[in-house]
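Take a look at the structure set out below.
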Amino acid sequence: MSDEVTGVENAGLLGRTLLNLNLITHEKLEIALKEQTVRKGRLGDTLVKLGFISEDDMLLALSTQLNLKYLRFSEFPKTIPSESYPTVKFMKQYKFVPIGMDNGVMKIATADPMNEYVIDTLQIFSGKAPEIYLSSEKDIMEAIEQYFGGSVQMTNIMEGMREEESESEGIELQEDVHHLRDMAFEAPIVKLVNMLITRAVEGRTSDIHIEPFENNVKVRYRIDGALTEVESLPKRIQPAVISRVKIMSRLNIAERRLPQDGRIKLRVSGRDIDLRVSTVPTIYGESIVMRILDRGSVLIVLDHLGFPDSTREKYEKLITTPYGMLLVTGPTGSGKTTTLYASLNKINSDDKKIITVEDPIEYQIDGINQIQVKPQIGLSFASGLRHIVRQDPDVIMVGEIRDVETAEIAIHSALTGHLVFSTLHTNDAPGAVTRLLDMGIEGFLVSSSLIGVLAQRLVRVICQSCKEPYTPQQEVIDKTEFNVSNMSTYHGAGCDECRNTGYRGRTGIFEFMIVDGEMRRLILDKSSSDIIRQRAVEKGMQVLRDNGWEKVKAGITTIEEVLRVSQEGI
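Heads up, the sequence shown is in my numbering, so the first residue is 36 and it goes up one at a time.
Written out as structure tokens, the structure is:
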């Protein structure tokens, strides 16, 4: 009891408020306090990163502590009066947004109500102390976008471009290198591209697609795994926009016949962002896709990925073994790398040396040596892995097994006393065995080194703000393998919180195959993946679809989502 009292005293007002509201236990508070001393952050942020409370819970506790009303984005006014307000840059830097005026008093929603500098500045700005409300940083950025960004700024930019177009109507566009470079540095083009990137980063976008067609250029964002069109740009500015992105990513703007790959490093809303840029030529011009990677130090925990409790317990036990190879499989964009990072976070400690070789490094993790693949200078997965084993590691993570050479070195590392993590592109867990054998790896090497295979997919989560019961269409029910007549099913009706998609966020569905003695004999006999799958199911492996149906029953996702990402029998 004395330890609990000490923890409460050290936690400050927020910790005591969370305890009083029964939002956290004494044990979790103690863990967070220890983590806070290492990472030097705020207690509330630490608790959220550890997954002990949601951001919503933290803000509710803070509103109780400070006696401030907590507002969600859905409670913000749709528009605000046309008044003189501080700059958007100042709002984003200090995480606040005006939400109206009342008799000359500015109402503001802020994520940092204790910042006296902002309160004093706003009082000087308007002549009266602002009326303060509490809100999340995410909702504040969305409100800034609604009131001052996005559509308004984009409209202004596009109108300016249309004026320039009318002045030069009838002039044939010269696409020589010097002209392209000049256009790419024009203020409207710079603002347009910056706006597209900023809106994407602040809107939970994973990929930006800039796609040229016959009469226009479509801009689409991939949010929660689904593409949404956000802009349609005039065809005339296509060369300038494409050239601007290529210059930012240090690509050759004169080369428009071959695919190119590059990177952009920039800082958006206080976050270090890496954009992985890919261009390919199409019949209407170059198409560009930018993958957004947040390079900031992110605390990823296995508890947040959507594992069923029984699967997570088995997986966590396996990743603490001293040696062997563990593979995570699935298509591109199924969250494999995130699972590997969470696994490394789980076992990361002072008594282990962990080295990774990745392409690209998506998250930076304290205490782990991370190597970026650089094929242009000969640093491939295979060559990097070959040198890693000379660094006396305990744990090795290889971003992807792409060829037989990488596979052989990874297996050799697992057989010589290292725990090796990597990924493969296969549809299911048993398919990883077949894939390695098809690559030419001997069966005895696979059976001796492989300790487990985790297959996964990502499904979209039903938006909690507009979640409601519904009855699926009969054609959807006919595609399922389980009885939905005696259970409640849900979907999202669509609201501002989820951009009318009915979904907000994603979670995983998993199947985990442990390679034990019997499985090793099947691998040695080069049994088909169907036989291996059948035996794994008999031994208790839950297949992807069954895990998906569990999430449907729990009201986490929809039948349509499970059908979208998985196939019958998998």
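The beta carbon of each residue, even a glycine, is placed where N, CA and C say it ideally should be. Only a predicted model underlies this, so the values are computations on that prediction, with no experimental measurement involved.
- Task: Determine the closest residue to GLY452 out of ILE486, LEU231, HIS460 and ASP531, with distance taken between C-alpha atoms.
- Result: Mapped onto the sequence shown, residue 452 falls at position 417. Minimum Cα distance to GLY452 is reached at ILE486.
Just the C-alpha distance for ILE591 and ILE497, rounded to the nearest angstrom, thanks. As a first step, residue 591 must be located in the sequence shown, where it is residue number 556. As a first step, residue 497 must be located in the sequence shown, where it is residue number 462. Roughly 6 Å separates the two Cα atoms.
Original post:
In chain order, what residues of the same chain have a beta carbon less than 6 Å from the beta carbon of LEU262, not counting five sequence neighbours either side?
Top reply: As a first step, residue 262 must be located in the sequence shown, where it is residue number 227. In the same chain as LEU262, and ignoring 5 residues on each side of it, the C-beta atoms closer than 6 Å to its own belong to ARG255, in chain order.
task = Let me know the secondary structure DSSP gives VAL481 once reduced to three states.
result = Start at 1 with the first residue of the sequence shown, and residue 481 comes out as number 446. Helix, per DSSP.
Do the stretch 358-367 and the stretch 470-488 make contact, defined as three or more Cβ pairs closer than 8 Å?
Three or more beta-carbon pairs separated by less than 8 Å link the stretch 358-367 to the stretch 470-488, which places the two stretches in contact.
Worksheet item: Thinking just about the alpha-carbon of each residue, which of GLN508, SER448 and ARG534 is nearest to the one in ILE594?
Response: What you label residue 594 is simply residue 559 of the sequence shown in a count that begins at 1. Comparing Cα positions, the closest option is GLN508.
Between the C-alpha atoms of GLU62 and LYS588, what's the straight-line distance to the nearest angstrom?
Position 27 of the sequence shown, counted from the first residue, corresponds to residue 62. Position 553 of the sequence shown, counted from the first residue, corresponds to residue 588. Near 31 Å, if we compare the C-alpha coordinates of LYS588 and GLU62.
Looking at the unbroken alpha helix (DSSP H) that takes in ASN229, where does it start and where does it end?
Mapped onto the sequence shown, residue 229 falls at position 194. Counting along the chain, the alpha helix (DSSP H) containing ASN229 begins and ends at 222-237.
Item to complete: Name the one or two DSSP bridge partners that VAL133 has.
Response: What you label residue 133 is simply residue 98 of the sequence shown in a count that begins at 1. The sequence as given places Pro at residue 133; Val does not occur at that position. In the DSSP secondary-structure assignment, PRO133 is bridged to ILE143.
Buried or exposed: LEU48, going by 16 or more other Cβ atoms within 10 Å of its Cβ? Numbered from 1 along the sequence shown, position 13 holds the residue referred to as residue 48. The residue is exposed, with fewer than 16 neighbouring Cβ atoms inside 10 Å.
Spatial neighbours of GLY607 within its chain, please: CB distance less than 8 Å, with the 5 preceding and 5 following residues excluded, ordered by chain position. One cannot answer for residue 607 here, as it falls past the ends of the chain, which runs 36 to 605.
- When THR145, LYS409 and GLU246 are compared against ASP394, the one with the closest alpha-carbon: By 1-based counting over the sequence shown, the position of residue 394 is 359. Of THR145, LYS409 and GLU246, the smallest CA-CA separation from ASP394 is found for LYS409.
CB-CB under 7 Å to ASN150, same chain, minus the five flanking residues each way: which ones, in chain order?
Taking the first residue of the sequence shown as position 1, residue 150 is located at position 115. For ASN150, where only same-chain residues beyond five positions count, the Cβ hits under 7 Å are TYR129.
(Q) Is the beta carbon of GLN491 closer than 9 Å to that of LYS349? (A) Along the sequence shown, one-based indexing puts residue 349 at 314. Along the sequence shown, one-based indexing puts residue 491 at 456. Cβ atoms of LYS349 and GLN491: not closer than 9 Å.
Pairwise C-alpha distance: ALA67 and LEU489
As a first step, residue 489 must be located in the sequence shown, where it is residue number 454. As a first step, residue 67 must be located in the sequence shown, where it is residue number 32. Cα to Cα, the separation comes out at about 30 Å.
Consider the Cβ of CYS530: report whether some Cβ of chain C lies at a distance smaller than 9 Å.
Going by chain labels, chain C is absent from the structure shown, which holds only one protein chain.
Please classify GLU204 as buried or exposed, where buried requires at least 16 neighbouring CB atoms within 10 angstroms. Taking the first residue of the sequence shown as position 1, residue 204 is located at position 169. At GLU204, the pLDDT of 40 sits below 50, so the modelled position is not reliable and the matter cannot be decided from this model.
Identify whether ASP307 lies in helix, strand or coil by the three-state DSSP scheme.
What you label residue 307 is simply residue 272 of the sequence shown in a count that begins at 1. Reduced to three states, the DSSP call for ASP307 is strand.
Original post:
DSSP three-state call for MET474: helix, strand or coil?
Top reply: The residue labelled residue 474 in the question sits at position 439 within the sequence shown. It is coil, neither helix nor strand.
query = Would you call LEU64 buried or exposed, if buried means 16 or more other Cβ atoms sit within 10 Å of its Cβ?
reply = Position 29 of the sequence shown holds residue 64. Using a 10 angstroms sphere on the CB of LEU64, the tally of other CB atoms reaches 16 or more, which defines it as buried.
task = Could you tell me the boundaries of the alpha helix (DSSP H) in which ALA377 lies?
result = Indexing the sequence shown from 1 puts residue 377 at position 342. Here the alpha helix (DSSP H) through ALA377 covers 371-382.
Q. If we ignore side chains and look at the alpha-carbon of each, how far apart do SER170 and GLY475 end up?
A. For the purposes of this step, residue 170 is identified with residue 135 of the sequence shown, where counting begins at 1. For the purposes of this step, residue 475 is identified with residue 440 of the sequence shown, where counting begins at 1. Across the structure, SER170 and GLY475 are spaced so that their CA atoms are roughly 56 Å apart.
Exercise. Take every Cβ of the stretch 412-419, pair it with every Cβ of the stretch 438-447, and state whether three or more of those distances are shorter than 8 Å.
Key: By the Cβ test, the stretch 412-419 is in contact with the stretch 438-447, since at least three Cβ pairs between them sit closer than 8 Å.
*asked:* If the criterion is Cβ atoms closer than 9 Å, does the pair MET136 and ILE115 meet it?
replied: Here the question's residue 136 lines up with position 101 in the sequence shown. Here the question's residue 115 lines up with position 80 in the sequence shown. The answer is yes: Cβ separation under 9 Å.
Query - Euclidean distance between Cα positions of LEU374 and LYS388 - result: On the sequence shown, position 339 is the one that residue 374 refers to. On the sequence shown, position 353 is the one that residue 388 refers to. Residue 374 is actually Thr in this sequence, not Leu. Rounded to whole angstroms, THR374 to LYS388 spans 19 Å at the Cα level.
Pick from SER378, LEU56, GLN295 and VAL363: whose alpha carbon is nearest that of VAL336? The residue you call residue 336 lines up with position 301 of the sequence shown. Minimum Cα distance to VAL336 is reached at SER378.
Item to check | Counted within 10 angstroms of its Cβ, other Cβ atoms place ALA222 as buried (16 or more) or exposed | outcome: Counted from its first residue, the sequence shown places residue 222 at position 187. Exposed, since its Cβ has fewer than 16 Cβ neighbours within 10 Å.
Are there 16 or more other CB atoms within 10 angstroms of the CB of ALA164, so buried, or fewer, so exposed?
Reading the sequence shown from its first residue, position 129 is the one you call residue 164. That one is exposed.
Check: Under a three-way DSSP split, which group does ILE206 fall into?
Finding: As a working mapping, residue 206 is identified with position 171 in the sequence shown. Residue confidence is low: ILE206 scores 31 on pLDDT, short of 50, so the model does not pin down where it sits. Its coordinate-derived value is still stated next. For ILE206, the secondary structure class from DSSP, reduced to helix, strand or coil, is coil.
Under the three-state DSSP convention, the category GLN407 falls into:
For this step, residue 407 is matched to residue 372 along the sequence shown. Strand at GLN407.
Using DSSP bridges, identify the partner residues of SER313.
Numbered from 1 along the sequence shown, position 278 holds the residue referred to as residue 313. Per DSSP, ASP296 and VAL324.
Could you have a look at VAL494 and say whether DSSP puts it in helix, strand or coil?
Here residue 494 corresponds to residue number 459 of the sequence shown, with the count starting at 1. Reduced to three states, the DSSP call for VAL494 is strand.
Cβ contact (3+ pairs, closer than 8 Å) linking the stretch 540-555 and the stretch 576-583:
Result yes; three or more Cβ-Cβ pairs closer than 8 Å.
Environment of LYS586 [buried if 16+ CB atoms lie within 10 Å]: Counting from one through the sequence shown, the residue named residue 586 turns up at place 551. With 16 or more other CB atoms across the displayed protein chains lying within 10 angstroms of its CB, LYS586 is buried.
*Inter-residue spacing [alpha-carbon to alpha-carbon] between GLU199 and ILE224*: In the sequence shown, residue 199 corresponds to position 164, counting from 1. In the sequence shown, residue 224 corresponds to position 189, counting from 1. The predicted position of GLU199 is uncertain, since its pLDDT is 48 and thus under 50; no value can be drawn from it.
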